[in-house]
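In what follows, a single structure is set out as C-alpha cells and then discussed.
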Amino acid sequence: MTTNYIRYFIFMMLIFVACTKDEYEGPSLQNLYGEFSLLSPFSISNLNPDFSNNEMVKFHCEFNKSVDWKITIRGLQTGSVKEITGFQTD
Numbered sequence: 002m003t004t005n006y007i008r009y010f011i012f013m014m015l016i017f018v019a020c021t022k023d024e025y026e027g028p029s030l031q032n033l034y035g036e037f038s039l040l041s042p043f044s045i046s047n048l049n050p051d052f053s054n055n056e057m058v059k060f061h062c063e064f065n066k067s068v069d070w071k072i073t074i075r076g077l078q079t080g081s082v083k084e085i086t087g088f089q090t091d
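Quick note, the sequence shown lines up with residues 2 to 91 if you use our numbering.
Structure (C-alpha cells):
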C-alpha cells in the first residue's frame with residue numbers, strides 16, 4: 002500500500018513539473034498595471050551636431066517597463082521635422 006502512495010506521489014509530481022510553462026503568453030502584469038518610472042533620464046550624445054560633417058547624434062533613456070515613445074526633432078533653419086518612434090524599455 003505504501004508503494005502505491007509513493008508511485009502516486011511521483012506520478013503527480015511529474016505531472017506538475019511537465020505542465021509548468023517556461024514563458025508566459027501576453028504582456029507581463031508589470032507592463033500593464035505597474036507604476037511608470039524613469040531608470041535613467043533622457044540624454045543626447047551631441048547637443049550641437051554639425052550634420053554637414055556627418056556627425057552622429059545618439060539618444061538614450063531607460064524606463065522600468067515597455068512603453069510607446071516618440072522623439073521629435075525640428076530643424077532650426079529649415080523647420081523640417083523628423084520623428085523617431087518605438088516600443089521598448091530603452
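Cβ atoms here follow ideal geometry from the backbone N, Cα and C, with glycine treated the same way.
Taking each of K66, M57, E56 in turn and checking the Cα distance to S41, the smallest one comes out for K66. Secondary structure at F88: strand, using DSSP grouped into helix, strand and coil. For N5 and F12, the gap between their C-alpha atoms comes out near 10 Å. By DSSP's assignment, E63 forms a beta bridge with S41. Here V68 is bridged, per DSSP, to Q89. Per DSSP, L48 lies in no alpha helix (DSSP H) segment and is marked neither H nor E. Between the region 50–59 and the region 25–32 there are fewer than three inter-stretch CB-CB distances shorter than 8 Å, so the stretches are not counted as touching.
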